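In order, the protein sequence lines correspond to chains A and B. If you're matching positions, the first sequence starts at 186 in this note's numbering and goes up one per residue. If you're matching positions, the second sequence starts at 294 in this note's numbering and goes up one per residue. For reference, the structure is listed below as structure tokens.
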Amino acid sequence: MSLYLDQIRVIVWKDLLLELRTRERIAAMGAFAVLAAVLFAFAIDTSVVRPQDVAAGLIWMTMVFGGLLGVGRTFHLEAQDGAMLGLLTSPAPKDAVFLGKTIANFALLFMISLLVLGVFMLFFSVELGPSPLVLVLVLALGALGFVALGTLFAAVSSGTTMGETLLPILIFPLLLPMVIYGAGATSRLMAARPVAEVEGNVRMLGAFAVMAVAVGAMLFRFVVED
Amino acid sequence: MATAGIRRAGLALTILGLAGLVLVYWLSFFWVSTEMTQGVAQRIFYVHVPAAWTSFLAFGLAALTSGMYLWLRDDRLDRAAVCAAEGGMVFATIMLTTGPLWGKIAWGTFWTWEPRLTFTLLMWFIFLGYFMVRSSTEDPEKGKRFAAVVAIVGALDIPFIHLSVVWFRSLHPQPVVLKPEGPTLPGDMLTLLLTSLTVFTVLFFGLFLLRYALEGLRSRVELSARATV
């Protein structure tokens, strides 16, 4: 068991270290998040709607699109110089590889979702409401579900001739529950509604994340076998 | 069963299904009583609901055979999955076109983000992804595995999609047949609905078997083409 955890840890560390050195994906996702918020600010006519009213939905859309940008490139580096073969022939089982990749992606996307939240507070002057920790939990659970499905389907789409173009077509229909519960909870919390009102959403987001991680860990081996 | 046998069975079921379809149309135009509040527009029900049922059946079959394919790696299971998924797409498209037509008259709007509408639309897109993944891999074996993964994840995600869209409440009529206190649909309407359900199911299996036989022939031709090269 501890060997298994070590294998996961090594893969997470490898990915995060690479990211720390190159800063490729985090820079792209971060810049995307800020620029998307800037465009949203001008896309909304403030004489018709108050930006605060639509902010929760926009936060989630920015997360989804920004996440797609980074998660889609999960296996980009491995696709070069036969590195994928090296990773797969390592003694680590395939599901450890998947979990490692997912955790590393989660770390990235979670940071980005906090950035998105900050940017929207700054540009749209949205309020976090009285329970910001619950809000962060909602974002974290959403990000976890997203990266689990995203990592699995990034492996699928990087094996096709269409590449990353295919990724949104494959995961957007699957992400609807996450967007409904996540954006619903976010807008209620921001409107200072009681936490009890979003308990159901948090539970469903948690269940969705657990399902996504379990399914990914089970099916990943079928995607990468060769 | 040999391919020729499957083809004959498929042909027989398809002809039976098509003849049944003529009967269903005749009954729904000339025999069944007109619904009181919605008038003649309600007759689209006898096409819409059976198409919905058949597409769910077909997509379920596709997900099931996909899962079995990943487990047993028998090419016949993969062929069955493609054929079922294609049938599902056809019947889901029928449901998605008859729905808005009926909705425009009954609800006054073509589209609404109502649970079952949203649900079907997403299922249609999940299986669109299934076909796109299959056709965009250089190695067909890889395409089969990828597509099976898409179908399985789709099937497991469906309960979540269903719960989440129901959370967004609805205009759609509540079930009139399958409910604890028994069907509330008037007798002749129920008879026609059940007839139509049977006919659509028979037609689906007819088309499914024909398509399956075709896929078998195709893989045989590909094998022999590879052998001669």
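Cβ coordinates follow ideal geometry from the N, Cα and C atoms, glycine included. Please read these numbers as outputs of a predicted model, since none were measured by experiment.
**OP:** Tell me whether the beta-carbon of A:Met296 lies closer than 8 Å to the beta-carbon of A:Gly330.
**Re:** no
Original post:
Nearest chain A C-beta to B:Gly447 closer than 8 Å, yes or no?
Top reply: yes
Subject >> A:Gly267 - DSSP class collapsed to helix/strand/coil >> reply: coil
Original post:
First and last residue of the alpha helix (DSSP H) that includes A:Gln192?
Top reply: Ser187 to Thr207
Subject >> Assigned exposure category for A:Leu355 - 16 Cβ within 10 Å defines buried >> reply: buried
**OP:** Count the other C-beta atoms from every protein chain shown that fall within 10 angstroms of the C-beta of B:Pro343, then say buried if there are 16 or more, exposed otherwise.
**Re:** buried
**OP:** Following the continuous alpha helix (DSSP H) through B:Glu431, name the residue where it begins and the one where it ends.
**Re:** From DSSP, B:Glu431 is part of no alpha helix (DSSP H); its letter is neither H nor E.
Subject >> Beta-carbon proximity list for A:Phe338, same chain, < 7 Å, skipping 5 on both sides >> reply: Leu352, Leu355 and Ile356
**OP:** Label B:Ile398 either buried or exposed according to how many other C-beta atoms from any shown protein chain fall within 10 Å of its C-beta, with 16 as the threshold for buried.
**Re:** exposed
Original post:
How many angstroms separate the CA atom of B:Glu379 from the CA atom of A:Ala277?
Top reply: 38 Å
Subject >> Sub-8 Å separation of A:Phe313 and A:Leu320 beta-carbons >> reply: The question names Phe, but residue 313 of chain A in the sequence shown is Leu. Closer than 8 Å, so yes.
**OP:** Report the three-state DSSP secondary structure of A:Gly285 (helix, strand or coil).
**Re:** helix
Original post:
For B:Asp432, which of A:Val408, A:Ala241 and A:Leu272 has the nearest alpha-carbon?
Top reply: A:Val408
Subject >> Distance between beta carbons of B:Phe493 and B:Trp319, contact taken as under 8 Å >> reply: Actually they are not in contact, since the Cβ atoms of B:Trp319 and B:Phe493 sit about 15 Å apart, beyond 8 Å.
Original post:
Per DSSP, B:Glu272 is paired with what?
Top reply: Residue coverage of chain B in this structure runs from 294 to 522, which leaves residue 272 of chain B outside it and unanswerable.
Subject >> Contained alpha helix (DSSP H) runs [length at least 4] in the region 325-380 of chain A, N- to C-terminal order >> reply: Segments of the alpha helix (DSSP H) lying fully in the region 325-380 of chain A: 351-375.
**OP:** Give the secondary structure of A:Ala228 by DSSP, where H, G and I count as helix, E and B as strand, and everything else as coil.
**Re:** helix
Original post:
Using a beta-carbon distance below 8 Å, is A:Ser372 in contact with chain B?
Top reply: no
Original post:
Are the beta-carbon atoms of A:Val341 and B:Val426 separated by less than 8 Å?
Top reply: yes
Original post:
Could you check where the alpha helix (DSSP H) with A:Ser316 kicks off and where it finishes?
Top reply: Note, A:Ser316: premise wrong, no alpha helix (DSSP H); not H, not E.
Original post:
Is it the case that the Cβ atoms of A:Ala370 and A:Val304 are separated by a distance below 8 Å?
Top reply: no
Original post:
Is any beta-carbon of chain A found at less than 8 Å from that of B:Lys435?
Top reply: yes
**OP:** May I ask you to list, following chain order, the residues of the region 234-253 of chain A that have a beta carbon less than 7 Å from some beta carbon of chain B?
**Re:** none
Original post:
Considering only the beta carbon of each residue, do B:Val495 and B:Leu306 sit closer than 8 Å?
Top reply: The criterion of a C-beta distance shorter than 8 Å is satisfied by B:Val495 and B:Leu306.
Original post:
From which residue to which residue does the alpha helix (DSSP H) around B:Leu350 run?
Top reply: Phe338 to Leu365
Original post:
Do you know how far the Cα of A:Val380 is from the Cα of A:Gly348?
Top reply: So the alpha carbons of these two residues sit roughly 41 Å apart.
Original post:
Using 8 Å as the limit for Cβ to Cβ distance, is A:Leu361 near chain B?
Top reply: yes
**OP:** May I ask you to verify whether the region 264-273 of chain A touches the region 386-394 of chain A, counting CB pairs closer than 8 Å and requiring at least 3?
**Re:** no
Original post:
Which bits of chain B does A:Thr163 rub up against, with CB to CB less than 7 Å?
Top reply: With chain A represented from 186 up to 411, any question about residue 163 of chain A goes unanswered, as that position is not in the structure.
Original post:
When you compare each of B:His341, B:Leu456, B:Leu304 and B:Thr327 to B:Ser490 by their alpha carbons, which one comes out closest?
Top reply: The amino acid occupying residue 490 of chain B in the given sequence is Leu; Ser does not appear at that position. Here the closest residue by C-alpha is B:His341.
Subject >> 8 Å Cβ cut-off: residues of chain B touching A:Tyr366 >> reply: Ser457 and Trp460
**OP:** Check A:Ser298 in the structure and name its three-state DSSP category.
**Re:** helix
Original post:
Given B:Gly499, which residues of its chain have a CB within under 6 Å of its CB, disregarding the five upstream and five downstream residues?
Top reply: Same-chain partners within the cutoff: Gly303, Leu306, Thr307 and Gly310.
**OP:** Answer yes if the region 320-334 of chain B comes into contact with the region 353-362 of chain B, meaning at least three C-beta pairs across the two stretches below 8 Å, and no otherwise.
**Re:** no
Subject >> Partners in chain B for A:Phe393, counting only beta-carbon separations shorter than 8 Å >> reply: Within chain B, the residues near A:Phe393 are Phe453.
Original post:
Secondary structure at A:Trp245, three-state DSSP: helix, strand or coil?
Top reply: The answer is helix: DSSP assigns A:Trp245 an H, G or I state.
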